[in-house]
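In terms of my numbering, the sequence shown is numbered consecutively and its last residue is 475. For each residue, glycine too, the CB sits at the ideal point set by N, CA and C.
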Amino acid sequence: MTDSEEGDDKPTSVDRLLSRFGPVPAADPQRRPPGPTPPADGLSRPQRQPVAPTPAPLFEEPHDDVFGTPAAVAVAAPPDSVFESIYDDEPVEPPLEVIDRRDWVRMPRRTGPVFRFVVVALIVGFVVATVFNRVTSWYDDQLDPPGPPTASVEFAIPAGATANDVTQRLYSEGVIANPTLFRYWLSSNFDAEFQAGEYACVQQDMSFDEVVACLDGQGPLPPEFFTVTVPEGLRLTEILVRLQQENDSYDLANLERDLRSPLLDIELTGIPERPLLESPDSTGSGREGLLFPATYQINERNAADELDILAQMAQTMESKFNAAKAELGEDGVITELGLTEYEVLIVASLIEEEAITQADRPLISRVIYNRLLRDEALGIDASTCYALSKSCADLTGEDLASASPWNTRNTANRGLPPTPIASPGEAAIRAALAPEPGEYLFYVRTEEDGGHTFTTNLADHNAAVQICRDRGYC
2 MTDSEEGDDK PTSVDRLLSR FGPVPAADPQ RRPPGPTPPA DGLSRPQRQP
52 VAPTPAPLFE EPHDDVFGTP AAVAVAAPPD SVFESIYDDE PVEPPLEVID
102 RRDWVRMPRR TGPVFRFVVV ALIVGFVVAT VFNRVTSWYD DQLDPPGPPT
152 ASVEFAIPAG ATANDVTQRL YSEGVIANPT LFRYWLSSNF DAEFQAGEYA
202 CVQQDMSFDE VVACLDGQGP LPPEFFTVTV PEGLRLTEIL VRLQQENDSY
252 DLANLERDLR SPLLDIELTG IPERPLLESP DSTGSGREGL LFPATYQINE
302 RNAADELDIL AQMAQTMESK FNAAKAELGE DGVITELGLT EYEVLIVASL
352 IEEEAITQAD RPLISRVIYN RLLRDEALGI DASTCYALSK SCADLTGEDL
402 ASASPWNTRN TANRGLPPTP IASPGEAAIR AALAPEPGEY LFYVRTEEDG
452 GHTFTTNLAD HNAAVQICRD RGYC
């Protein structure tokens, strides 16, 4: 047998490899192999020969005897002949390499606690630093917005405004971005109170420091004033007309409306809680005699604020009365009669309407108190004029008999009228608190300058009345 024939009978490496996968079915002689049809000359390419499989395993996976896990993988390399080429033009693949378990490096499956702590600490530190930077940046932007202040703002602080009022106004005008933060910052860094008035330095988008420098440092603009003069002895309705004449920005209907504001309430004892329905005061407000006559300085920005001037007049009446009482005290007759402060003010209004000269005021005051002590009608013409809402020059005999409780010429009406009949000035208030000593019961005008003659009996009074008639004063 030749060498070639011996090679045909001996199984090749391919045969041994294929034998591991089971027997190869026999080829059908009638079936044409896949591929192109051989050429007509009968030449064809040699066909691959089937190889019987072998039962030997290709790979092994040994296990660790202790942990029951794969310890190392030993890859069995097939014999070199397995990769022998059937065809000369096929490449020869390299054999599989056997890896020894001693060449492996076992990596730890879990990190240690120190490492984990460091990682967590770094993450937390990064988050805290980021949040802190953002909060700090936001806080700085609230205190001092980026860029310079922008548009100017017409800004005024009204009298009596609180820090919260000022803060809300600054926020609504776009001067500050955060009113809550400004209030806390203000309470921590600024103790003074802002002055009422108009400010020309306020702009939008100002820093907190700039706001305080404007409102507290520069302060308000000097106010511009105009004067309103209300003379003594006017009735309440006359005062309202006078105010409207002095300042045409006042509205008469608004003046009457604002008379009912609680801002006009003053602290004098004996003031009625409710207006008297039968009062000659047509406003029905109960404020007759409670507005102090004087010259008032009115801020231009309050030119159309009727309540402002009325409140000033009421507060001035209270302060003037209290100041005079603190200086002069009360005459003993006031205590003897048990008069309230409001009733003393009624006496002052009667003095204001009757007296023409300063010297006569304390004397007329004494006549009123003496008649009250005797429980006699006061007999004051001015009260009758007020009761009938008419001029004293037009009084008739029928008017003098009017049953109005304000008509002190009616002998049936004893004591003081229920309310003041006009607004008394400071001199009349002082005269009511400190009457001239004496027993005077009567008085009548006898002098060209308006002076009166005071008498203690009716006979002397009638003689003085004749002088008044002879001189044309009555």
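message: Helix, strand or coil, according to DSSP, for V445 in the structure here?
response: Walking along the sequence shown from the start, residue 445 turns up at place 444. In this structure, V445 counts as strand in the three-state DSSP scheme.
query: For A157, does the three-state DSSP call read helix, strand or coil?
result: Counting from 1 along the sequence shown, the entry for residue 157 is found at position 156. Correct three-state label for A157: strand.
Contact under 8 angstroms by Cβ, A197 with A160: Taking the sequence shown and counting its residues from 1, the one referred to as residue 197 is at position 196. Taking the sequence shown and counting its residues from 1, the one referred to as residue 160 is at position 159. Contact flag set, yes.
- request: Give a yes or no on contact between the stretch 115-127 and the stretch 176-194, applying the rule of three or more CB pairs nearer than 8 angstroms.
  value: no
message: Do T457 and L442 have their beta-carbon atoms positioned less than 8 angstroms apart in this structure?
response: Counted from its first residue, the sequence shown places residue 442 at position 441. Counted from its first residue, the sequence shown places residue 457 at position 456. Their beta carbons are under 8 angstroms apart, which means L442 touches T457 by this criterion.
task: Take the Cβ of R362 as the centre, count every other Cβ of all protein chains shown within 10 Å, and call the residue buried at 16 or more, exposed below.
output: Along the sequence shown, read from residue 1 onward, the residue named residue 362 stands at position 361. R362 should be labelled buried.
field: Where the alpha helix (DSSP H) through E328 begins and ends
entry: On the sequence shown, residue 328 is found 327 positions in, with the first residue counted as 1. Note, E328: alpha helix (DSSP H), E307 to L329.
Nearest to P221 (by Cα), restricted to the options V203, S153, D166 and Y251: Position 220 of the sequence shown holds residue 221. Taking only the C-alpha atoms, the option nearest P221 is V203.
- request: Give every residue of the same chain whose Cβ lies closer than 6 angstroms to the Cβ of T341, excluding the five residues on either side of it in the sequence, and list them in chain order.
  value: Indexing the sequence shown from 1 puts residue 341 at position 340. Correct list, in chain order: T270 and G271.
query: For the candidate residues S403, P418 and I365, whose alpha-carbon lies nearest to that of E344?
result: Looking up residue 344 in the sequence shown gives position 343. Of the listed residues, the one whose Cα sits closest to E344 is P418.
C-beta atoms of Q205 and P263 nearer than 8 angstroms: Position 204 of the sequence shown holds residue 205. Position 262 of the sequence shown holds residue 263. Going by C-beta atoms, Q205 is not nearer than 8 angstroms to P263.
- request: Could you say which of E399, R288, L389 and M318 lies nearest to T296 if we only look at CA atoms?
  value: For the purposes of this step, residue 296 is taken as the residue at position 295 of the sequence shown. Closest option to T296, Cα to Cα, is M318.
field: Exposure label - V231; buried when at least 16 CB within 10 Å
entry: Here residue 231 refers to the residue found at position 230 of the sequence shown. Burial call: buried.
- request: Answer with yes or no whether the minimum CB distance from G290 to chain B is below 8 angstroms.
  value: Within the model displayed, chain B is absent; a lone protein chain is all it includes.
query: So is R135 buried or exposed if we call it buried at 16+ other beta carbons inside 10 Å?
result: Here residue 135 refers to the residue found at position 134 when the sequence shown is read from its first residue. That one is exposed.
query: Between G439, S390 and R472, which lies nearest to N371 when the distance is taken from Cα to Cα?
result: Along the sequence shown, read from residue 1 onward, the residue named residue 371 stands at position 370. Among G439, S390 and R472, the Cα nearest to that of N371 belongs to G439.
task: Locate the alpha helix (DSSP H) running through F195, then write down its first and last residues.
output: On the sequence shown, position 194 is the one that residue 195 refers to. It is not in any alpha helix (DSSP H) - F195 carries neither H nor E in the DSSP assignment.
query: What does Y387 pair with, by DSSP beta-bridge criteria?
result: Here residue 387 corresponds to residue number 386 of the sequence shown, with the count starting at 1. DSSP lists no beta-bridge partner residue for Y387.
query: Would DSSP call Y343 helix, strand or coil?
result: Taking the first residue of the sequence shown as position 1, residue 343 is located at position 342. Correct three-state label for Y343: helix.
field: Between the CA atoms of A312 and T131 - distance to the nearest angstrom
entry: Along the sequence shown, read from residue 1 onward, the residue named residue 131 stands at position 130. Along the sequence shown, read from residue 1 onward, the residue named residue 312 stands at position 311. Rounded to whole angstroms, the gap between the alpha carbons of T131 and A312 is 57 angstroms.
query: Is it true that the CB of R243 sits closer than 8 angstroms to the CB of L253?
result: The residue labelled residue 253 in the question sits at position 252 within the sequence shown. The residue labelled residue 243 in the question sits at position 242 within the sequence shown. Cβ atoms of L253 and R243: not closer than 8 angstroms.
- prompt: Given a threshold of 16 other Cβ atoms within 10 Å of its Cβ, counted over all protein chains shown, does V120 qualify as buried or as exposed?
  reply: Here residue 120 corresponds to residue number 119 of the sequence shown, with the count starting at 1. Flag for V120 reads exposed.
Buried or exposed (CB count within 10 angstroms, at least 16 for buried), A383: For the purposes of this step, residue 383 is taken as the residue at position 382 of the sequence shown. So A383 ends up on the buried side.
message: Tell me the residue span of the beta strand (DSSP E) that contains Y185.
response: Here residue 185 is taken as the residue at index 184 of the sequence shown, counted from 1. Not the beta strand (DSSP E): Y185 falls in the alpha helix (DSSP H), residues P180 to N190.
task: Measure the C-alpha to C-alpha separation of S250 and T228 and round it to an integer number of angstroms.
output: Taking the sequence shown and counting its residues from 1, the one referred to as residue 250 is at position 249. Taking the sequence shown and counting its residues from 1, the one referred to as residue 228 is at position 227. For S250 and T228, the distance between alpha carbons rounds to 13 angstroms.
task: List in chain order: all unbroken beta strand (DSSP E) runs of 3+ residues lying wholly within the stretch 207-271.
output: Unbroken beta strand (DSSP E) stretches of 3 residues or longer found wholly inside the stretch 207-271: 226-230, given in chain order.
query: How should P223 be labelled, buried or exposed, when 16 other C-beta atoms within 10 angstroms of its C-beta is the threshold for buried?
result: To locate residue 223, count along the sequence shown from 1; it is residue 222. Looking at its Cβ environment, which holds fewer than 16 other Cβ atoms inside 10 Å, P223 is exposed.
- request: Whole angstroms is fine: what's the gap from L291's alpha carbon to A423's?
  value: By 1-based counting over the sequence shown, the position of residue 291 is 290. By 1-based counting over the sequence shown, the position of residue 423 is 422. About 9 angstroms.
- prompt: Taking the C-alpha atoms as reference points, what is the distance between A465 and G473?
  reply: Numbered from 1 along the sequence shown, position 464 holds the residue referred to as residue 465. Numbered from 1 along the sequence shown, position 472 holds the residue referred to as residue 473. Near 12 angstroms, if we compare the C-alpha coordinates of G473 and A465.
query: Who pairs with H453 in a beta bridge, going by DSSP?
result: By 1-based counting over the sequence shown, the position of residue 453 is 452. Paired residue(s): R446.
message: Mapping the DSSP letters down to three states, classify T296 as helix, strand or coil.
response: Within the sequence shown, residue 296 is the residue found at index 295, counting from 1. T296: strand per DSSP, three-state reduction.
- prompt: Are the Cβ atoms of L434 and L329 separated by less than 8 angstroms?
  reply: By 1-based counting over the sequence shown, the position of residue 434 is 433. By 1-based counting over the sequence shown, the position of residue 329 is 328. Cβ distance < 8 angstroms, so L434 and L329 count as in contact.
- request: Alpha carbon to alpha carbon, how far is F195 from I1? Give it in angstroms, no decimals.
  value: Here the chain has residues from 2 to 475 only, and residue 1 is not among them.
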